[in-house]
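Counting in my numbering, the final residue of the sequence shown is number 158, and the numbers go up one at a time with none missing.
All remarks here apply to the structure that follows.
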Amino acid sequence: MSKLKEADFYYGSVLSTLLNNKICPVLIEGGTDRQVYDFTTDHKDFRLFVKYRSAPTTKTQDYNSWQFVFSDSDIRELTEYLGLDLELSVGLVCGQDALNQSQYAVLHKEIIEKIFDEGKKSITISLKKGEKAFRISVGGGRDNAIRTKTNVLY
Numbered sequence: 005m006s007k008l009k010e011a012d013f014y015y016g017s018v019l020s021t022l023l024n025n026k027i028c029p030v031l032i033e034g035g036t037d038r039q040v041y042d043f044t045t046d047h048k049d050f051r052l053f054v055k056y057r058s059a060p061t062t063k064t065q066d067y068n069s070w071q072f073v074f075s076d077s078d079i080r081e082l083t084e085y086l087g088l089d090l091e092l093s094v095g096l097v098c099g100q101d102a103l104n105q106s107q108y109a110v111l112h113k114e115i116i117e118k119i120f121d122e123g124k125k126s127i128t129i130s131l132k133k134g135e136k137a138f139r140i141s142v143g144g145g146r147d148n149a150i151r152t153k154t155n156v157l158y
């Protein structure tokens with residue numbers, strides 16, 4: 005019998021969402037702390053670097069936030085990908101205790117570059133109740149955050 009790991013549920017949910025939208029992946033590299041996939045669609049080819057948090061770092065009635073820490077190895081790998089001529093996205097699975105309440109956020113190349121240019125090794129992303137965009141903290145509080153829509157798949 006093969007035991008399922010916690011990571012399988014989170015990475016599997018991303019794959020299921022993309023496959024249900026007719027976006028087919030090829031696994032490039034995997035591990036328990038992140039997965040890297042290449043995708044081909046009718047519109048473009050892209051690489052997706054996926055990480056997950058199983059629960060919010062901060063949870064209030066008004067908003068939840070999750071902090072994603074990138075190891076030196078993750079940063080080197082992402083920096084290498086940023087230097088290549090390819091579309092790159094970072095998928096962040098924002099877990100909840102009730103798995104069906106989890107969220108999926110996508111950061112495109114421009115946001116990743118901005119975060120790394122500021123020397124950050126982690127990303128804090130939050131979602132305020134009723135909003136249709138995640139906020140990515142870049143310093144200066146939630147009002148000064150970068151926003152990315154909640155309905156983006158890649």
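All C-beta atoms, glycine included, are put in the ideal place defined by N, C-alpha and C.
Every value quoted in this text rests on a predicted model; they were computed, and no experiment measured them.
Under the three-state DSSP convention, the category residue i falls into
| i | result |
| --- | --- |
| Asn68 | strand |
| Leu23 | helix |
| Phe74 | coil |
| Thr83 | helix |
| Gly134 | coil |
| Gly143 | coil |
| Asp12 | helix |
| Gln100 | coil |
| Asp46 | coil |
| Tyr93 | According to the sequence displayed, residue 93 carries Ser and not Tyr. Reduced to three states, the DSSP call for Ser93 is strand. |
| Ser6 | coil |
9 Å Cβ cutoff met for residue i and residue j
| i | j | result |
| --- | --- | --- |
| Lys133 | Arg139 | no |
| Val94 | Gln107 | no |
| Leu22 | Leu111 | no |
| Phe43 | Tyr85 | no |
| Ile32 | Arg51 | yes |
| Thr152 | Ala109 | yes |
| Val142 | Lys113 | no |
Straight-line gap, residue i to residue j (C-alpha atoms, nearest Å)
| i | j | result |
| --- | --- | --- |
| Trp70 | Glu91 | 25 Å |
| Phe103 | Ser126 | The question names Phe, yet the displayed sequence has Leu at residue 103. If you take the alpha carbons of Leu103 and Ser126, they lie about 23 Å apart. |
| Ile115 | Ser17 | 23 Å |
| Lys9 | Tyr15 | 10 Å |
| Ile150 | Gly99 | 21 Å |
| Lys63 | Thr154 | 18 Å |
| Lys118 | Ser20 | 29 Å |
| Phe72 | Lys48 | 27 Å |
| Tyr41 | Asn25 | 16 Å |
| Phe13 | Thr128 | 22 Å |
Environment of residue i [buried if 16+ CB atoms lie within 10 Å]
| i | result |
| --- | --- |
| Ile39 | Correcting the residue type first, residue 39 is Gln in the shown sequence and not Ile. Buried, since its Cβ has 16 or more Cβ neighbours within 10 Å. |
| Thr68 | Note on identity: in this sequence residue 68 is Asn, with Thr being the wrong assignment. By the neighbour-count rule (16 or more Cβ atoms within 10 Å), Asn68 is buried. |
| Arg80 | exposed |
| Lys55 | buried |
| Ser130 | buried |
| Ala59 | exposed |
Own chain partners of residue i with C-beta closer than 7 Å, once the 5 adjacent residues on each side are dropped
| i | result |
| --- | --- |
| Ser75 | none |
Beta-carbon proximity list for residue i, same chain, < 8 Å, skipping 5 on both sides
| i | result |
| --- | --- |
| Leu82 | Phe53, Phe74, Leu92, Val94, Ile116 and Phe120 |
| Asp66 | Lys132 and Lys133 |
Chain-order list of residues whose beta-carbon lies under 6 Å from that of residue i (same chain, five-residue window excluded)
| i | result |
| --- | --- |
| Thr45 | Ile27 |
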